[in-house]
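K.L.:
Chains as they are written, first to last, in the numbering used here: chain V, 157 to 435; chain F, 3 to 442.
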């Protein structure tokens, strides 16, 4: 070896084993790429659509309309003192944050297989970049929420300041699951079929278009095992000034959500070294 | 490779690098879906038997700063795996690589190019994908655009670009990466002639700035011109390290064929041998002046009617140039009795442009069953220029496959003479341009 006189190597490549550090510093160094990928997704999303970005507003409005009709007019569930449409819209707003974070994050690796197999970059950049689109969707839908509340003359409460907390926890939970699912999907495309089915199931198993109080009492203790349940209720409570779920169930949901994110991120890092070989 | 006199500075040190893949062994073949599902039902959790395949096996070499190093070896020798490890896309199974400088890699031109985005948007996205910061791209943007020559189309979605334009823009971005170590896979086989030359020039310039280039190509001419030194990989191991000329000689004289392990059996057909011979020697490198023979030894387990066997001749990029079957001119060969056969096809000399070609074997019954597809059994040949062919401009990339023998007749002619007689005045002739595909 003729290494004499050489400085320390700039970089050493050797096999890793076991758990790896998240290395968020490196993700930060690639922040330009993260935002460019997000920008690309945004630019492409509504290309060649007649209504363009209007869909960001139309989609949740239409969904809320259908849910209000089915759960309010057909199933005749109560809306607990707030206008039915607002009740459903608020639930869907939080739900969409969860489902689009999960959906986008879980498919991002397989959808960018060409990038993964041909270029190096911290792989976490891909799922994290999907958050940008989701946040923009949420911001627009939230602005619409405020407009709706003005139309319905629904008063604002100071608890609305807690919204970012619930939103953050919901995204943590969804991102944790999404990271895990995306890494698994590299080897097992089955995950791509399971995630939408489970998401659909969760939509009905969580108090999105109905309230936890409408669930039969003996089932409620099972319901709150789903961390999304308390988070959705808390989210809606903060916007519309309704009752909050029990503090214990909120603490539980917060811990589960943060754990889900941490576990998901580390599992992703552990599995990522096989991505390029398998994808 | 420490013989470079100027400096003893290492750029890359590869120590004992190995990479293994597990591959599922030939699973029990199920003819029908039902059968496959039944098998799965009977043994739902049975793991498919797995083999370990060593793509790289204890690879060691050093590269000095400022070297331009070519990596040669046939398909499957581990070249791409090595580049992927060097560019951190995948990890080695064992060993260590020390890199003394920032690595930029270009394993494929235009990775991440999105057809719906405009040229400008793609320059930024692609640059960042290759590891540049936005500020760097801002700084280099004008140079990139000028290099690519597509100024007029910056605001046009790339899907409306010709393939040549897209490739030019993509390469221009990559050429302005400024890493200390540049890793380039076979990417120069694209674009038109003039652009090719500019790319080679750029790589040359990069190395003269004291940066290190690691380069993989199947094109021996490019390698010889660009890379003074090289690494020769064979079956995942370093076969030789040294001056490129020596490596190319070693590589071409090995007369190894590419890929397929014979015998291959399918249906009633068993292929025992499939190779290319010239002057009664098995060859991977063909002298372009002389004819060569494609030889297929096969066995039929039982009598077969409507049978045909033949080859597809394809360019390195996969375009079919010719297809020739045993029965093309001799329908009586369609009915063959069980037994051993040798089929030879004689291909005339001076037919192919110098370059790399693939021969794919095909065996089937007309319209009934295909036993061997040309992608399954292949061999690769490199055709060298015929003896008197003009090879003074080796960097020129020619996008053509068929060679026409010297049929040009060039004489002086008098422009005032309309009778067609040739006279003494010098006239300019239209340049004999190679048909460059995909030029914008």
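The C-beta atom is built at its ideal place from N, Cα and C for all residues, glycine as well.
Note that the structure is predicted; figures quoted are calculated from it, not measured.
1. Looking at C-alpha atoms only, which residue of F:300, F:383 and F:359 is the closest neighbour of residue 366 (chain F)?
2. Could you work out which residue in F:266, F:146 and F:162 is closest to residue 378 (chain F) when comparing CA atoms only?
3. Could you compute how far the alpha carbon of residue 78 (chain F) sits from the alpha carbon of residue 84 (chain F)?
4. Report the neighbours of residue 86 (chain F) on chain V: residues whose CB is nearer than 7 Å to its CB, in chain order.
5. Distance cutoff 7 Å, beta carbons only. Does residue 127 (chain F) sit that close to anything in chain V?
6. Mind checking whether residue 178 (chain V) and residue 421 (chain V) have CB atoms under 7 Å apart?
7. Do you know how far the Cα of residue 110 (chain F) is from the Cα of residue 425 (chain V)?
8. Are the beta-carbon atoms of residue 313 (chain V) and residue 237 (chain V) separated by less than 7 Å?
9. Could you tell me which uninterrupted alpha helix (DSSP H) segments, each at least 4 residues in length, are contained entirely in the region 157-242 of chain V, listed from first to last along the chain?
10. Using the Cβ count rule (16 or more neighbours within 10 Å means buried), how would you classify residue 435 (chain F)?
11. Three-state secondary structure (DSSP) at residue 370 (chain V)?
12. Taking DSSP as the reference, what is the three-state secondary structure of residue 308 (chain F)?
13. Contact between the region 169-188 of chain F and the region 101-110 of chain F is defined here as three or more beta-carbon pairs at a separation below 8 Å; is this criterion met?
14. Can you check the region 298-360 of chain V for any alpha helix (DSSP H) of at least 4 residues that lies completely inside it and give the ranges in chain order?
15. Kindly indicate which three-state DSSP category residue 128 (chain V) falls into: helix, strand or coil?
16. When you compare the CB positions of residue 439 (chain V) and residue 317 (chain V), do they come within less than 7 Å of one another, or not?
17. Should residue 173 (chain V) be labelled buried (16 or more other beta-carbon atoms within 10 Å of its own) or exposed?
18. Mind pulling the chain V residues with CB within less than 9 Å of residue 102 (chain F)?
19. DSSP three-state call for residue 204 (chain F): helix, strand or coil?
20. What does residue 161 (chain F) reach in chain V if we use C-beta pairs closer than 8 Å?
21. Quick check on residue 171 (chain V) - is its C-beta less than 7 Å from some C-beta in chain F?
22. For residue 220 (chain F), return the contacting residues in chain V, with the cut-off set at a CB-CB distance below 8 Å.
23. To the nearest angstrom, how far is it from the Cα of residue 242 (chain V) to the Cα of residue 305 (chain V)?
24. I'd like to know if the region 355-364 of chain F and the region 302-313 of chain F are in contact, where contact means that at least 3 CB-CB pairs between them fall below 8 Å.
25. Given 8 Å as the limit, is there contact between the region 369-383 of chain F and the region 334-347 of chain F, that is, 3 or more CB pairs closer than that?
26. Tell me which residues share the same chain as residue 23 (chain F) and place their Cβ nearer than 7 Å to its Cβ, disregarding the 5 neighbours each side in the sequence.
27. Between which two residues does the beta strand (DSSP E) containing residue 299 (chain F) stretch?
28. Can you list the residues of chain F that residue 188 (chain V) reaches, using a CB-CB cut of under 7 Å?
29. How long is the line joining the alpha carbons of residue 167 (chain V) and residue 89 (chain F), rounded to whole angstroms?
30. When DSSP labels each residue in this structure, what does residue 274 (chain V) get in the three-state scheme?
31. Hey, does residue 381 (chain V) have any beta-carbon neighbour from chain F nearer than 7 Å?
32. Which residues in chain F sit within 7 Å of residue 192 (chain V), going by Cβ to Cβ distance?
33. Compare the C-beta of residue 203 (chain V) against all C-beta atoms of chain F and say whether one is closer than 7 Å.
34. Taking only the alpha-carbon atoms, compute the straight-line gap between residue 257 (chain F) and residue 70 (chain F) and give it to the nearest angstrom.
35. Would you report the Cα separation of residue 414 (chain F) and residue 185 (chain F), rounded to the nearest angstrom?
36. Would residue 73 (chain F) pass as an interface residue toward chain V - the criterion being a Cβ-Cβ separation below 7 Å?
P.N.:
Well, looking at it:
1. As a working mapping, residue 366 (chain F) is identified with position 364 in the second chain. The option with the nearest alpha carbon to residue 366 (chain F) is F:300.
2. As a working mapping, residue 378 (chain F) is identified with position 376 in the second chain. Here the closest residue by C-alpha is F:266.
3. Here residue 78 (chain F) corresponds to residue number 76 of the second chain, with the count starting at 1. Here residue 84 (chain F) corresponds to residue number 82 of the second chain, with the count starting at 1. Taking the straight line joining both Cα atoms gives about 11 Å.
4. On the second chain, position 84 is the one that residue 86 (chain F) refers to. The CB of residue 86 (chain F) comes closer than 7 Å to the CB of 432 in chain V, given here in chain order.
5. Walking along the second chain from the start, residue 127 (chain F) turns up at place 125. Judged by the 7 Å Cβ criterion, residue 127 (chain F) is in contact with chain V.
6. Position 22 of the first chain, counted from the start, is the residue given in the question as residue 178 (chain V). Position 265 of the first chain, counted from the start, is the residue given in the question as residue 421 (chain V). With a cutoff of 7 Å on beta-carbon distance, residue 178 (chain V) and residue 421 (chain V) are scored as near each other.
7. By one-based count along the first chain, residue 425 (chain V) stands at place 269. By one-based count along the second chain, residue 110 (chain F) stands at place 108. So the alpha carbons of these two residues sit roughly 25 Å apart.
8. By one-based count along the first chain, residue 313 (chain V) stands at place 157. By one-based count along the first chain, residue 237 (chain V) stands at place 81. Taking 7 Å as the Cβ cut-off, residue 313 (chain V) and residue 237 (chain V) do not qualify as a contacting pair.
9. 180-185, 187-201 and 210-223
10. Here residue 435 (chain F) corresponds to residue number 433 of the second chain, with the count starting at 1. Model confidence at residue 435 (chain F) stands at a pLDDT of 43, short of 50, so the residue's coordinates are unreliable; what they give is reported in the following sentence. Exposed, because fewer than 16 other Cβ atoms sit within 10 Å of the Cβ of residue 435 (chain F).
11. Position 214 of the first chain, counting from 1, holds the residue named residue 370 (chain V). Annotated three-state conformation of residue 370 (chain V) is helix, per DSSP.
12. Locating residue 308 (chain F) in the second chain gives position 306, counting from the first residue. Coil at residue 308 (chain F), not helix or strand.
13. These segments touch.
14. The alpha helix (DSSP H) runs of length 4 or more contained entirely in the region 298-360 of chain V are, from start to end of the chain, 319-343.
15. Since the displayed chain V opens at 157 and closes at 435, residue 128 (chain V) lies outside it and no answer follows.
16. Examination of residue 439 (chain V) is not possible in this model, given that chain V is present from 157 through 435 alone.
17. Numbered from 1 along the first chain, position 17 holds the residue referred to as residue 173 (chain V). Label assigned to residue 173 (chain V): exposed.
18. Counted from its first residue, the second chain places residue 102 (chain F) at position 100. Here the neighbours are 162, 163, 164, 165, 166 and 167.
19. Taking the first residue of the second chain as 1, we reach residue 204 (chain F) at position 202. Helix.
20. Position 159 of the second chain, counted from the start, is the residue given in the question as residue 161 (chain F). None at all; the shortest Cβ gap to chain V is about 11 Å.
21. Translated into the one-based positions of the first chain, residue 171 (chain V) becomes position 15. Yes - at least one Cβ of chain F is within 7 Å of the one on residue 171 (chain V).
22. Looking up residue 220 (chain F) in the second chain gives position 218. Those do not exist, as residue 220 (chain F) stays about 18 Å from chain V at its closest Cβ, beyond 8 Å.
23. Mapped onto the first chain, residue 242 (chain V) falls at position 86. Mapped onto the first chain, residue 305 (chain V) falls at position 149. If I take the Cα positions, the gap works out to 7 Å.
24. yes
25. no
26. Within the second chain, residue 23 (chain F) is the residue found at index 21, counting from 1. Result list for residue 23 (chain F): 55 and 57, in chain order.
27. The residue given as residue 299 (chain F) occupies position 297 in the second chain. If you look at residue 299 (chain F), you'll find it in the beta strand (DSSP E) that goes 294-302.
28. Translated into the one-based positions of the first chain, residue 188 (chain V) becomes position 32. Those within 7 Å of residue 188 (chain V) in chain F are 130, 135 and 136.
29. Residue mapping note: residue 167 (chain V) aligns to position 11 of the first chain, counting from 1. Residue mapping note: residue 89 (chain F) aligns to position 87 of the second chain, counting from 1. Whole-angstrom Cα-Cα distance: 11 Å.
30. Translated into positions along the first chain, residue 274 (chain V) becomes position 118. DSSP places residue 274 (chain V) in helix when its eight states are reduced to three.
31. Against the first chain, residue 381 (chain V) aligns to sequence position 225. No, its Cβ sits nowhere closer than 7 Å to a Cβ of chain F.
32. As a position in the first chain, residue 192 (chain V) is number 36, starting the count at 1. Under the 7 Å cutoff, chain F gives 126, 127 and 130.
33. What you label residue 203 (chain V) is simply residue 47 of the first chain in a count that begins at 1. Cβ-Cβ to chain F under 7 Å: yes for residue 203 (chain V).
34. Here residue 257 (chain F) is taken as the residue at index 255 of the second chain, counted from 1. Here residue 70 (chain F) is taken as the residue at index 68 of the second chain, counted from 1. Here the model assigns residue 257 (chain F) a pLDDT of 47, short of 50, so the residue's position is not dependable and the matter cannot be decided.
35. Locating residue 414 (chain F) in the second chain gives position 412, where the first residue counts as 1. Locating residue 185 (chain F) in the second chain gives position 183, where the first residue counts as 1. Roughly 49 Å between the two C-alpha positions.
36. Residue mapping note: residue 73 (chain F) aligns to position 71 of the second chain, counting from 1. Chain V contact via Cβ: absent.
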